[in-house]
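Visitor: For the protein sequence lines, the chains are A and B, in the order given. For the first sequence, the residue numbers in this note's numbering are 3 to 295. For the second sequence, the residue numbers in this note's numbering are 3 to 344. Please see the structure below; I have some questions.
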Amino acid sequence: MAAASQRRSPLLVTMTLAFVGIWVILAAFPFVWTVWGSFKVQADFFSKANWMNAVWGIATTAETGSAFTGAGYEGAWIKREFWRAVLNTGIVVFFTVIISLTFGTLGGYALARSGYRYAFWLLMIALVFRAMPHITLVSGYLLPFFQWNLWGHLPTSIIVLVAINQPFTLWMLHSFFLNIPKDLDESAMVDGCTRFQAFRHVIIPVMWPGVITTGLFSFLLAYNDFAVTAMLLSQENQTMVPKIASFLGTTQVEGQVMYAVAAVVSATAPLFVLIMFFQRQIVSGLTAGAVKG
Amino acid sequence: MPHRTFLWFILPSLVAMILFIALPIGSVIVQSLFVEHTQVLIVSESCGPFGCTETTSIDVEATAALQAAEPLGRFNGLGTYFDRNHLASLEVSQAWSSSASIAEFFSRLMNLPFYSALAFTMTYTFVVTPLVIVLGLFIALGVNSLPQFAKGPTIFVSLLPMIITPLIGSLILFWMIDARGIIGSTLQALFNDGSLSLKASPVLTWITLIVYGVWHSAPFAFIVFYAGLQTVPEDTLEAALIDGASRWERVRYVVIPYMAPLVVFIALIQLMDNFRVFEPIVGFSAQANATSLSWIIYNDLRGDTQQFGSAAATSVLTILGVCVLLSPVLIRTWRDFNRKRA
């Protein structure tokens with residue numbers, strides 16, 4: 003029966019397939035192309051003669067003797083010390099996610115269980131805060147941070163990213179906690195638990211799906227950030243994204259642009275793995291806000 | 003939940019938001035009222051056999067001391083807001099009185115940094131948002147009709163443009179549209195024009211950035227709509243079918259009404275995100291032809307001479323813009339909230 007309303011004419015089926023096919027190519031091809039090209043030399047990836055050179059690696063073969071070369075990766079990771087940026091990104095992202103989730107679960111739980119008017123207003127204010135362009139906030143931090151010698155350190159960026167993350171985290175965890183029945187923690191409190199004990203022993207064991215999904219988005223925000231990390235970190239503490247941006251200043255030198263290409267591919271790989279393992283959580287997270295309205 | 007417990011639970015999150023979101027907004031407002039110190043000059047007279055000459059030099063020490071004593075700079079009131087780099091009241095009124103036509107007035111306005119950034123930001127926001135919604139809906143309808151085994155991989159691939167770091171995503175496309183990249187050289191061959199470059203003209207740059215914006219955000223709309231499609235009741239669709247509705251009519255009168263709240267949600271998120279468009283301009287090196295409000299703040303803040311006052315004034319104007327953008331949502335929520343309580 004379910005198929006009854008799904009039956010369509012062959013023409014429509016073909017058109018739909020073609021449309022989805024075009025979209026899939028548009029979405030995936032740039033990545034495939036860049037990953038492939040990152041193993042070539044600049045004369046191939048930016049070929050004056052013919053872009054097909056990048057497919058066969060004509061200049062790469064001529065220059066290095068093989069159709070694939072790791073020169074871009076070697077240059078970026080070793081010569082330009084991209085590994086340091088990777089390490090910094092790891093530290094920043096890890097602590098941002100952990101602290102955001104700790105603050106967010108406590109706050110989100112409180113907002114979901116409080117029936118008072120101010121809880122609603124807090125959520126509204128959080129919505130306005132979420133809309134603030136990050137760079138406007140950064141322009142508020144810079145001068146005080148210079149004055150108090152807070153500028154340039156990893157912990158400063160971490161706490162700033164946590165704060166910028168909070169409005170979103172609160173909204174998302176708030177809607178997850180609304181889905182956990184009130185009776186659960188209230189019955190624990192009738193049995194003599196304090197509010198915190200009820201949270202600790204009853205809510206924490208059942209909240210993990212929501213926390214993992216929210217954590218994924220906190221991860222993406224910290225990982226993808228450019229405005230905060232580019233402005234608030236000193237040269238040696240730079241994370242991946244500002245580091246890649248700094249490669250661009252030097253692309254005029256032959257071959258250096260391939261460092262940037264290799265670095266871009268290296269920074270994309272973790273995201274790729276992330277979707278592979280957490281596709282379902284990402285999809286459910288994107289829709290959680292929508293379903294709640 | 004009693005007030006006290008609520009406070010303890012929300013405290014860490016609240017403190018973080020107050021310290022790093024609310025206070026910076028205050029700090030931006032204060033900073034916007036000040037400008038950098040002018041350098042302290044010393045005029046010294048040196049007299050020689052052919053008369054005296056005055057030389058002016060910068061007193062580095064005194065300048066540094068002044069800077070250290072008053073890091074904010076000197077008070078400038080609202081002066082920064084009305085200077086040439088922001089609202090440019092003088093230039094606008096001159097352009098208004100001396101322009102023969104509206105078109106000329108606008109073309110003059112576009113030479114002022116703030117107004118050209120505002121124009122691009124608004125165009126980007128209000129072109130990308132509807133396109134994302136329409137494209138997302140069509141992709142969702144298309145994917146929904148795929149056979150089951152194909153859905154997972156399609157969603158996987160579709161998520162890529164959205165989840166990619168904006169700066170990295172724009173760099174990837176930027177390299178492809180380079181005159182020596184695959185898309186750039188194909189376009190040159192297609193139009194038989196060896197000098198065609200997407201980076202050269204303002205119009206093509208704007209189109210490139212908008213295409214990037216749609217590519218980047220369409221997956222978000224797609225996923226939300228796709229999840230929404232799973233909740234459209236099969237019965238209603240069947241009833242419409244029995245009543246003789248064509249496929250298009252079923253989409254128009256059954257599916258789309260179900261999607262309406264989702265459209266509001268996507269539009270809200272997209273307006274907020276597109277208004278702060280910034281990374282694509284850095285990634286595409288598009289600043290010569292397209293700047294956004296976020297980008298001019300960034301430009302003021304980097305480099306050796308950071309113009310905190312100027313950046314802060316633009317930030318305040320941007321924040322006001324965000325408030326205007328959000329006001330319909332806030333007013334609506336406020337009404338809903340009051341109705342619920344009544």
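For each residue, glycine too, the CB sits at the ideal point set by N, CA and C.
Looking only at DSSP bridge pairs, what is I60/B linked to?
Guide: Beta-bridge pairing links I60/B to L43/B.
Visitor: Here's the rule: buried if 16 or more other CB atoms are within 10 angstroms of the residue's CB, otherwise exposed. What is Y143/A?
Guide: buried
Visitor: Output yes if chain B places a C-beta closer than 8 Å to the C-beta of S177/A; else output no.
Guide: no
Visitor: Under the assumption that S296/B contacts P169/A (Cβ atoms under 8 Å), give the Cβ distance between them as a whole number of angstroms.
Guide: In fact, because the Cβ distance is near 18 Å, the residues do not count as touching under 8 Å.
Visitor: Comparing alpha-carbon positions, which option in K245/A, F228/A, T289/A lies nearest G212/A?
Guide: T289/A
Visitor: Hey, V130/B and I212/B: beta-carbon distance below 8 Å or not?
Guide: yes
Visitor: Considering only their Cβ atoms, is the gap separating S203/B from A181/B smaller than 8 Å?
Guide: no
Visitor: Contact check, L327/B vs F277/B under 8 Å by CB: the rounded distance?
Guide: 6 Å
Visitor: Kindly list the residues whose CB is nearer than 6 Å to the CB of V266/B, restricted to its own chain and excluding five residues on each side of it in sequence; keep chain order.
Guide: none
Visitor: With H, G and I counted as helix, E and B as strand and the rest as coil, what does DSSP make of G217/A?
Guide: helix
Visitor: Which value, in whole angstroms, describes the spacing of the CA atoms of L147/A and T231/A?
Guide: The identity of residue 147/A in the sequence shown is Phe, whereas the question assumes Leu. In a straight line, the C-alpha of F147/A is about 14 Å away from that of T231/A.
Visitor: Using beta carbons (cut-off 8 Å, strictly below), is I60/B in contact with chain A?
Guide: no
Visitor: Using only alpha-carbon positions, find the residue among Y120/A, T18/A, V95/A, G77/A that is nearest to F339/B.
Guide: Y120/A
Visitor: Can you give me the Cβ contacts of W79/A inside the same chain, cut-off strictly under 7 Å, excluding the 5 residues immediately before and after it?
Guide: W85
Visitor: How would you call G109/A, buried or exposed, if buried means at least 16 neighbouring beta carbons within 10 angstroms?
Guide: By the neighbour-count rule (16 or more Cβ atoms within 10 Å), G109/A is buried.
Visitor: Where do the ends of the alpha helix (DSSP H) carrying I23/B lie?
Guide: Note, I23/B: premise wrong, no alpha helix (DSSP H); not H, not E.
Visitor: Quick check: V43/A and E76/A, are their CB atoms within less than 8 Å of each other?
Guide: no
Visitor: When you compare only the Cα positions, how much space is there between V324/B and M274/B?
Guide: 8 Å
Visitor: I'd like the span of the alpha helix (DSSP H) that includes V257/B, first residue to last.
Guide: Premise fails: V257/B is in no alpha helix (DSSP H) and is neither H nor E.
Visitor: By alpha-carbon positions, which one of A29/A, W58/A, S286/A, A112/A ends up nearest to R2/A?
Guide: In the structure displayed, chain A extends from 3 to 295; residue 2/A sits before or after that span and is not available.
Visitor: Check for me: the alpha helix (DSSP H) holding W58/A runs from which residue to which?
Guide: 54-58
Visitor: Output needed in chain order: residues of the segment 151-164 of chain B with a Cβ under 7 Å from some Cβ in chain A.
Guide: T156, I157, F158, V159, S160, L161, L162, P163
Visitor: Give the DSSP bridge partners of S203/B, in chain order.
Guide: Looking at the DSSP assignment, S203/B forms no beta bridge with any residue, so it has no partner.
Visitor: Could you pull out every unbroken alpha helix (DSSP H) segment of at least 4 residues lying fully inside the segment 95-124 of chain B, listed in chain order?
Guide: 104-111
Visitor: By the criterion of Cβ-Cβ separation under 8 Å, what are the contact partners of N239/A in chain B?
Guide: What N239/A touches in chain B: nothing, since even the nearest Cβ is about 16 Å away.
Visitor: Have a look at T253/A and F41/A and give me their C-alpha separation to the nearest angstrom.
Guide: A caution first: T253/A carries a pLDDT of 49, below 50, which makes its placement in the model unreliable, though a value can still be read off. Using only the alpha carbons, I get a separation of about 17 Å.
Visitor: Give me, in chain order, the residues of the same chain whose beta-carbon lies closer than 6 Å to that of F279/A; leave out the 5 immediate sequence neighbours on both sides.
Guide: Excluding residues within five positions, none has a Cβ falling inside 6 Å.
Visitor: What are the boundary residues of the alpha helix (DSSP H) that includes Y120/A?
Guide: 119-133
Visitor: Based on the DSSP output, what are the partners of F280/B in its beta bridges?
Guide: In DSSP, F280/B forms no bridge with anything.
Visitor: What residues are listed by DSSP as bridge partners for L113/A?
Guide: Paired residues: none, contrary to the question.
Visitor: Just the chain B side, please: which residues come within less than 8 Å of M209/A by C-beta, in chain order?
Guide: None at all; the shortest Cβ gap to chain B is about 14 Å.
Visitor: In angstroms with no decimal places, state the Cα-to-Cα distance between I244/B and N146/B.
Guide: 21 Å
Visitor: My output table needs one value for V164/A: the three-state DSSP class, helix, strand or coil.
Guide: helix
Visitor: Rounded to a whole number of angstroms, what is the C-alpha to C-alpha distance between E93/B and R86/B?
Guide: 7 Å
Visitor: Taking a contact to mean a Cβ-Cβ separation below 8 Å, would you say I170/B touches V266/A in this structure?
Guide: yes
Visitor: Rounded to whole angstroms, how far is the Cβ of L303/B from the Cβ of H88/B, which I believe are closer than 8 Å?
Guide: Wrong, their Cβ atoms sit about 15 Å apart, outside the cutoff.
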